[in-house]
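Colleague: Encoded as structure tokens, here's the structure I'll be asking about.
In this note's numbering, the protein residues as written are 4 to 198.
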């Protein structure tokens, strides 16, 4: 599992000398919020926001985005409100967390998603007033795809199809080819295991 110190070291590599207190505080909050929660893999739930934050450091993103990555499930998984996040972490972090929360799921069946994939990609881009919302969502999806094997077969198929048709092309449009390629590879693994 990635540790907070690894994230902080990574940040210092591309933002030398910066004050990382915002990220450290977000980590402390995430640890409290997700205490006792376990992922289907059996890992502590905290491993997910930490992995998301680490992926964001690999993209060399700013501190508010990394803090938002650590807190991206806070509103959905606890009694914490966006207003509380705004009060503790500022408008920027709250805006990103709120945007990611609103992009959580798409209504409708997988078949509808297939027919509307291009429109959904455009809607996601248009909805996001701040590109960092999409970057956190891509990091979230990437880590979820890396641990997809712990989901049911039906859920694996649904998530892999959604990823292949919406998130991988979105990463490609944004020029993040390493995420696009990994999302495609992971999706193909579940959609076409024999090939």
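Backbone N, C-alpha and C define an ideal beta-carbon position, used for all residues, glycine too.
Please determine if the region 54-70 and the region 4-24 are in contact, where contact requires at least 3 C-beta pairs separated by less than 8 angstroms.
Modeller: A contact exists between the region 54-70 and the region 4-24.
Colleague: Per DSSP, which residues does residue 41 bridge with? Please list them.
Modeller: In DSSP, residue 41 forms a bridge with 47.
Colleague: Do residue 3 and residue 178 have their C-beta atoms within less than 9 angstroms of each other?
Modeller: A question about residue 3 goes unanswered here, because the residues of the chain that appear run from 4 up to 198.
Colleague: Helix, strand or coil for residue 68, going by three-state DSSP, please let me know.
Modeller: Three-state DSSP puts residue 68 in a helix.
Colleague: Note down the Cα distance separating residue 192 from residue 71, rounded to an integer number of angstroms.
Modeller: So the two alpha carbons sit approximately 30 angstroms from each other.
Colleague: Within the same chain, show all residues whose beta-carbon is closer than 6 angstroms to that of residue 111, passing over the 5 residues directly before and after it, in chain order.
Modeller: Any reading at residue 111 needs caution, since the residue's pLDDT is 49, under 50, leaving its predicted position unreliable; the model's value is listed next. Closer than 6 angstroms at the Cβ level, and outside the excluded window around residue 111, lies no residue.
Colleague: Counting Cβ pairs closer than 8 angstroms, one from the region 37-44 and one from the region 92-100, do we hit at least three?
Modeller: At 8 angstroms Cβ cutoff, the stretches do not touch.
Colleague: So, with DSSP's three-state summary, where would you put residue 170?
Modeller: Residue state, collapsed to three classes: helix.
Colleague: I'd like the list of long-range same chain contacts for residue 37, defined as Cβ closer than 6 angstroms, with 5 residues on each side in sequence excluded.
Modeller: If we look at residue 37 and ignore the five residues flanking it on each side, its Cβ neighbours are 48 and 49.
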